[in-house]
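Below is one structure, written out as structure tokens; the observations come after it.
Numbering (our numbering), first residue to last: 191 to 543.
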């Protein structure tokens, strides 16, 4: 038994010695690269660009490899020329270069590129007045951005962190509109531009178009600014003209929008007070409503053929399709005394005359 233990201890001792001996043996794969990076310019903005890595390699550089297709590199003596394409993503990205020497070793360098940045304070649409002027809008960008206009009355240039748009005077007596298109690399977008003065260009005569069983009909109307500064759509067809009926308008002169409110009082005709009443349809029935908060909202637009219209949608008719407006007859100007409807204006809109 004693002899067996002695043999075991001897074997363990040999294992320990062998282990210690292995620990002291040099790792043939652990050695420093003979290539040293002297300097590098491989931190890029989002634009397509070039940079370089300068190395010191006694054995010379034989090749370089990139881990990403958007980053390419070529050997130019002791310099590595690096090229990156534009980064159209908002996220930054990285690639790894592996530079090999004739001795068979290598060194690795990380290339970084920032994400795409383009922020315009102008948003996707702007409106300006009729006067000749240059307007500046804040612009944050880290790539080259070019602008082009589809209209000869406006042009755009980029000056530092500003987009400057120059307008000629609008003497057309109407709103005019156009597009500013911009591009940066593969990124393309546009800004819708309108030039107008609401009172000078958009007030005037319109046809109040509406649909009947006999086809389209219209009332002559004048959009006007009254002496108290309020706006109204004054009905110029009889018998409404003689009675002085008009639809009150709430106007946003900067955005070129108008609102007609449900239950608005148009005036008195033949002893009855006339109310504007929105129509809501379910597909089976058409309804009128008692809420004065419902609005019929008009937006001005210009067709390619030069036709100018105010087209209407409704706010507050959830669950119903907006299909037009009634002229309701009341005895005291409230819906509680509604006697009936003197006119139904299905699918109405305003067309400039």
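Think of the CB as a built atom: it goes at the ideal place given N, C-alpha and C, for glycine as much as any other residue.
Bear in mind that the values here come from a model prediction, so they are computed numbers and not experimental data.
Cβ neighbour criterion (16 or more within 10 Å) applied to residue i
{"i": "residue 266", "result": "exposed"}
{"i": "residue 277", "result": "buried"}
{"i": "residue 280", "result": "exposed"}
{"i": "residue 538", "result": "buried"}
{"i": "residue 396", "result": "buried"}
{"i": "residue 216", "result": "With a pLDDT of only 49 at residue 216, under 50, the local geometry of the prediction cannot be trusted, and the value read off the model is given with reservation. So residue 216 ends up on the exposed side."}
{"i": "residue 214", "result": "Legend: pLDDT at residue 214 = 47, less than 50; position of this residue unreliable, no value from coordinates given."}
{"i": "residue 247", "result": "buried"}
{"i": "residue 233", "result": "exposed"}
{"i": "residue 513", "result": "buried"}
{"i": "residue 207", "result": "Confidence at residue 207 is low in this model, with a pLDDT of 34, below 50, so the placement of that residue is unreliable and no value is reported for it."}
{"i": "residue 520", "result": "buried"}
{"i": "residue 477", "result": "exposed"}
Residue of the options minimising C-alpha distance to residue i
{"i": "residue 532", "options": "504, 465, 488 and 522", "result": "465"}
{"i": "residue 344", "options": "335, 319 and 493", "result": "319"}
{"i": "residue 499", "options": "232, 446 and 436", "result": "446"}
{"i": "residue 315", "options": "327, 331 and 323", "result": "327"}
{"i": "residue 444", "options": "365, 332, 263 and 228", "result": "365"}
{"i": "residue 523", "options": "540, 462, 471 and 442", "result": "462"}
{"i": "residue 269", "options": "258, 481, 275 and 253", "result": "253"}
{"i": "residue 432", "options": "330, 230, 417 and 457", "result": "457"}
{"i": "residue 400", "options": "426, 525, 384 and 515", "result": "515"}
{"i": "residue 439", "options": "477, 393 and 470", "result": "393"}
{"i": "residue 275", "options": "293, 250 and 241", "result": "241"}
{"i": "residue 317", "options": "243, 402 and 386", "result": "386"}
{"i": "residue 554", "options": "292, 481 and 331", "result": "This structure leaves residue 554 out entirely; the chain is present only between 191 and 543."}
{"i": "residue 415", "options": "271, 428 and 441", "result": "441"}
Backbone CA spacing between residue i and residue j [nearest angstrom]
{"i": "residue 503", "j": "residue 535", "result": "14 angstroms"}
{"i": "residue 407", "j": "residue 517", "result": "15 angstroms"}
{"i": "residue 224", "j": "residue 336", "result": "46 angstroms"}
{"i": "residue 436", "j": "residue 410", "result": "12 angstroms"}
{"i": "residue 362", "j": "residue 491", "result": "16 angstroms"}
{"i": "residue 239", "j": "residue 497", "result": "48 angstroms"}
{"i": "residue 260", "j": "residue 300", "result": "13 angstroms"}
{"i": "residue 305", "j": "residue 405", "result": "57 angstroms"}
{"i": "residue 528", "j": "residue 467", "result": "11 angstroms"}
{"i": "residue 543", "j": "residue 474", "result": "35 angstroms"}
{"i": "residue 455", "j": "residue 390", "result": "27 angstroms"}
{"i": "residue 324", "j": "residue 310", "result": "16 angstroms"}
{"i": "residue 212", "j": "residue 283", "result": "Any answer about residue 212 is weak, because its pLDDT of 44 lies below 50 and its placement is not dependable; what the coordinates show is given next. Taking the straight line from one Cα to the other gives about 43 angstroms."}
{"i": "residue 243", "j": "residue 227", "result": "7 angstroms"}
{"i": "residue 333", "j": "residue 348", "result": "12 angstroms"}
{"i": "residue 489", "j": "residue 375", "result": "35 angstroms"}
{"i": "residue 428", "j": "residue 358", "result": "42 angstroms"}
Continuous beta strand (DSSP E) stretch holding residue i: start and end
{"i": "residue 226", "result": "226-231"}
{"i": "residue 523", "result": "Per DSSP, residue 523 belongs to no beta strand (DSSP E) and is neither H nor E."}
{"i": "residue 457", "result": "454-459"}
{"i": "residue 308", "result": "308-310"}
{"i": "residue 318", "result": "315-318"}
{"i": "residue 400", "result": "394-402"}
{"i": "residue 422", "result": "421-425"}
{"i": "residue 462", "result": "462-471"}
{"i": "residue 376", "result": "No beta strand (DSSP E) holds residue 376; DSSP gives it neither H nor E."}
{"i": "residue 406", "result": "405-415"}
{"i": "residue 449", "result": "447-451"}
Range of the contiguous alpha helix (DSSP H) that encloses residue i
{"i": "residue 430", "result": "430-433"}
Contact with chain B by residue i, beta-carbon distance below 8 angstroms
{"i": "residue 530", "result": "Note that chain B does not occur in the displayed structure, where there is just one protein chain."}
_In chain order, what are the residue ranges of uninterrupted beta strand (DSSP E) at least 3 long that sit wholly in the stretch 236-273?_
239-246, 251-256 and 261-266
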